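**Q** Before we start, here is the structure in question, set down as structure tokens.
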């Protein structure tokens with residue numbers, strides 16, 4: 093098993109409204125990992141999805 097590169101855990105609490113908003117934004121991002129989603133939001137402030145389906149055809 094490889095050694096983790098991210099060794100600092102972060103924990104925080106949300107109220108119901110904040111939890112709903114987080115889940116909704118995460119769902120809309122279509123990212124597979126909530127941790128990756130949160131890291132991207134912290135570092136860049138936004139996450140967007142690009143639809144390349146027209147190129148694949």
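Numbering (the numbering used here), first residue to last: 93 to 149. Every residue, glycine too, gets a C-beta built ideally from N, C-alpha and C. Just so we're clear, the structure is a prediction, and the values are computed from it rather than from any experiment.
So the candidates are 106, 104, 117 and 126; which of them puts its Cα closest to the Cα of residue 140?
**A** Checked all of 106, 104, 117 and 126; the closest Cα to residue 140 is 117.
**Q** Answer yes or no: the CB of residue 133 versus the heavy atoms of the ligand ZN, is any distance below 6 Å?
**A** Among the components of this structure there are no ligands whatsoever, and the ligand ZN is therefore not found.
**Q** How many angstroms separate the CA atom of residue 103 from the CA atom of residue 130?
**A** 12 Å
**Q** So residue 120 packs on residue 114, CB below 8 Å; how close in whole Å?
**A** Wrong, their Cβ atoms sit about 11 Å apart, outside the cutoff.
**Q** Tell me the residue span of the alpha helix (DSSP H) that contains residue 146.
**A** 145-148
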